[in-house]
Amino acid sequence: MADLITFDAKTQVFHLHNQQISYIFAIEDGGVLGHLYFGQAVAGYHGERHYPRKDRGFAGNLPVAEPERGFSLDTLPQEISSRGEADFRIPAFVIRQADGAQASRFVYASHRIVPGKPKLPGLPAAYVESPDEAATLIVTVVDQPSRLQADLYYTIYRDRAVIACSVCFRNPADQPAVTLEQAASVQLDFPASDYRVLSLPGAHANERHLQKEVVGYGIKQFASTRGTTSHQMNNFIALTAPDADEFHGDVYGVDLVYSGNHALTVEKDQIDQVRVVAGINPAGFTWELAGGAEFQTPEALLVYSHQGLNAMSQTYHRLIRERVVRGRYRDQERPILVNNWEATYFDFNEAKLRPIVDAAKKLGIEMFVLDDGWFGHRDDDTTSLGDWVVDSHKFPLGLKHFADYVHNQGLKFGLWVEPEMISKDSDLYRAHPDYLLAVPGRAPSPSRFQYVLDLSREDVRANIAGQLSDLLDQGYIDYIKWDMNRHLSDIYSHALPAARQGEVLHRYTLGLYALLEELTTKYPDVLWEGCSGGGGRIDTGFAYYMPQSWTSDNTDAISRLGIQYGTSLVYPPNTFTAHVSVSPNEQTGRSTSLATRGNVAMSAVFGYELDLTKLTKTEQKQVAAQVAAYKQIRPLIQFGHFLRLESGNDYAWMFVSADQNEALLFTFHLLNNGQPAFHIVKMAGLNPTKQYEDTATHTVYGGDELMHMGLYQPLQRQDFTTHQYHFKAIN
Ligand code: GLA
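Note that my numbering has the sequence shown beginning at 40, numbered continuously upward.
Shown next, in the form of structure tokens:
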């Protein structure tokens, strides 16, 4: 472990390091934890960045017998900052003490270093498979007057540029209750410099578009108050050097392993230093910490790259693919599916679906997914959520009968559910009108005519787990699409007293995690796909339960270029799904060729979402060829390294195998013009000394040629064109 984490008793400095990164902090005056460095690996720390002392106007000092005017919490970079004791910047936590005051200050008490990475009870987190993969530093700090403690967890992996952080707050058994009003997962202070901040804002059907801004003075927050990760703002940001791009420059990623309300807040202070605080959104959050109780924050994953965004993304991709996603499908190729949503919407029955299954079989598709509308009497979106029982009008012989048909055609059978929701027109509501989130005396707001079940309650979870188990116990369901089609409002739980209603949103997320843990453990052979009106809950926490998620309800190939580009900043392509749908597209009305739709969808976990019985003979041939091609390239797409090359009017990205013997290049040209410039695409990540053969043309190129000279893109008199190149090394 000493090769990963050291503590120098003389300098009082902690150093977490591997071949790629160093994270360094010190026990400063008064026991305060002062942050020193996060970045490219340094072999040993010799005091270079000890924080200089300087008396700043209006700065408070530590309340000791002989205060030092040059030492102030208001400017010192720290590991965990509080409110109320002269650090006027954004705090990492806020505690309402038993006497009503908000003052607190955590100082060093003790530390220990353990092999591996402890699990976080009830929360998703990155994991290790053997204790040798990582080491964890646990520093205990104490707020001396209240004796409240916090354990700061820092895990460093041996071969990843990642630090995993979280905090566990503990109130001693003999102490009165206090209230946590904020409890961030991580605080990261940066020295004075010019920074940019990247974030992933969006909207329903328009998720995760890369936004880059100058970090200016003041406070900027990237947050969700919607009870879930949201389409509107993903829970990841990165700070970068001003000139950082896909291949160059310092990049610091901060990613929350959480699916509830989040806040990632950035503050540039009076002397150009920058603080990032990330964790549960304090808006609407309180947590009563009784004597003897503890509170564990979600985990934050910090990634550093000195080679731009692609290197950061690859670190996240490998970590999420190998040490966040779990279960049988983690290392298994994901089936090519056809989903009936855009094919039929609610208007289907067994007889109407069978020909789609037959067509899927002929085309080589591997799974049929039955989407919304199979249960209760759900012919539109006004009814039946909560009643997970088959609609006998649509399936007179039962669901198993249809699933057997699908299986007999050689396909797997998948099913859509939306277990967190309830319709007022449902047996569940009629039996349990108190199950939904609603404030007494106020009518709860519908959204898509539906309401949210109070998953913070054990009895509500037990009901849903029971209904889903009844379905899954029958053994014919190979895949579940777990949807969530509204955000949380009317936050109130009948299970909690008035003073603790601030806990409801986090308890909802914990309840959801408990339910998912129970079901994914009980049904390990099921492939679970996350969804929230498309990509409203794509986050690293959800990936712990769901190996893949539906990226967006927008299936237009051109819209998807930007959506998938942004999504790939953090999430590996084998965790997000993409389907070929009809042209003109149902969401945008845009027409694109089957080849373009195919190449966009093939760049992730591939499938179709259209009525396969309506394909022309030519289209059938094309689809069969796409399916066959994807089966060939699937290992590379789903387990290779992904690299973004360019975006704008021309998009290009590629996949390379770990041994650099195989590579796929996808290029997309959006709008044409009358006098087009010749466009060159340069590849990356290849071995410059290898010779690569284009498997279609058999032309051989050096890896160095493909990367440094690049390839001219063919001109076509058409918008929205695409090319796919497959290279194999021949030496
Ligand atoms: C959400 C999903 C879609 C589909 C519909 C069904 O919008 O993202 O894929 O399942 O719900 O209502």
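Note that CB positions come from ideal geometry on N, CA and C, so glycine has one too.
Return the chain-ordered list of same chain residues with a C-beta closer than 7 Å to the C-beta of residue i, the five sequence neighbours on each side being excluded.
i	result
G347	A283, D284, E285, F286, H287, G288, V290
I558	Contrary to the premise, residue 558 reads as Leu rather than Ile in this sequence. The answer, listed in chain order, is A504, L507.
R108	D94, N100
P160	Q335
N624	T594, D595
In three-state DSSP terms, what is residue i?
i	result
H345	coil
A664	helix
E168	coil
N388	coil
R393	helix
V639	helix
T421	coil
T559	helix
Y610	coil
D294	strand
Y192	strand
L649	coil
R546	helix
D47	strand
Y518	strand
L554	helix
Q353	helix
G266	coil
S686	coil
A212	coil
Could you tell me which of the options sits nearest to residue i, measuring between CA atoms?
i	options	result
D386	G425, K400, Y368, H432	H432
H301	S622, R546, S571, I319	I319
A231	P479, H747, A131, A280	A280
A350	A390, S632, L649, L682	L682
P163	L704, L703, G580	G580
P612	D592, A640, Y76, A596	A640
A48	Y690, I66, N210, R525	I66
D466	W427, V445, F441, F452	W427
G257	T304, R95, E220	T304
K400	V296, F759, Q659, I769	Q659
T761	P472, V81, V720, G742	V720
N711	A697, F678, F275, R756	R756
W567	D308, D578, Q587	Q587
A768	E701, G713, D564, Q661	E701
N638	K653, Q661, H345	Q661
I516	M693, Q59, V456	V456
Could you give the residue range of the alpha helix (DSSP H) that holds residue i?
i	result
D443	438-447
G580	579-582
I503	497-511
Y690	Where Y690 is concerned, there is no enclosing alpha helix (DSSP H), although the beta strand (DSSP E) it sits in stretches over 689-695.
E105	Per DSSP, E105 belongs to no alpha helix (DSSP H) and is neither H nor E.
Y256	No alpha helix (DSSP H) holds Y256; DSSP gives it neither H nor E.
E381	380-383
D182	Here D182 belongs to no alpha helix (DSSP H); instead the beta strand (DSSP E) covers 173-182.
Please list the terminal residues of the continuous beta strand (DSSP E) segment that includes residue i.
i	result
Y764	760-768
G78	72-79
L703	701-708
T781	Here the chain covers residues 40 to 770 and nothing more, so residue 781 does not appear.
Y740	739-741
W326	326-328
Could you name the residues of the same chain whose beta carbon sits closer than 8 Å to that of residue i, not counting the 5 residues immediately before and after it, in chain order?
i	result
A140	G123
Looking only at its chain, what residues have a beta carbon closer than 6 Å to the beta carbon of residue i, apart from the 5 residues adjacent to it on each side?
i	result
V396	F407, V445, Q448
Q250	S238, P240
V178	H150, L191
D758	L710, N711
M460	L424, Q489
### Query
Would you say the region 107-121 touches the region 194-203, given that touching needs at least three Cβ pairs under 8 Å?
No, the region 107-121 does not touch the region 194-203.
### Query
Would you call the region 229-249 and the region 269-276 touching, i.e. three or more CB-CB distances under 8 Å?
Between the region 229-249 and the region 269-276, the count of Cβ pairs shorter than 8 Å is three or higher; the stretches touch.
### Cβ contact check for the region 380-400 and the region 634-644: 3 or more pairs under 8 Å
At 8 Å Cβ cutoff, the stretches do not touch.
### Task
Give a yes or no on contact between the region 744-757 and the region 721-734, applying the rule of three or more CB pairs nearer than 8 Å.
Yes, the region 744-757 touches the region 721-734.
### Query
Does the region 530-549 come within contact of the region 224-239, defined as at least 3 CB pairs closer than 8 Å?
These segments do not touch.
### Message
Check whether the region 467-480 and the region 511-523 are in contact - that is, three or more C-beta pairs closer than 8 Å.
### Response
The region 467-480 makes no contact with the region 511-523: fewer than 3 CB pairs, one atom from each, lie closer than 8 Å.
### Message
Pairs of beta-carbons, one from the region 50-57 and one from the region 73-92, closer than 8 Å: are there three or more?
### Response
Verdict: yes, contact present.
### Query
Any contact of the region 588-596 with the region 569-579, i.e. 3+ C-beta pairs under 8 Å?
Result yes; three or more Cβ-Cβ pairs closer than 8 Å.
### Query
Are there three or more Cβ pairs, one per stretch, closer than 8 Å when the region 626-637 is compared with the region 603-611?
In this structure the region 626-637 does not lie against the region 603-611, because fewer than three pairs of beta carbons, one per stretch, are closer than 8 Å.
### Task
Could you tell me whether the region 202-218 touches the region 333-347, where touching means 3 or more Cβ pairs closer than 8 Å?
The region 202-218 is in contact with the region 333-347.
### Query
Below 8 Å, can you find three or more Cβ-Cβ pairs linking the region 124-134 to the region 308-328?
Yes: at least three Cβ pairs fall under 8 Å.
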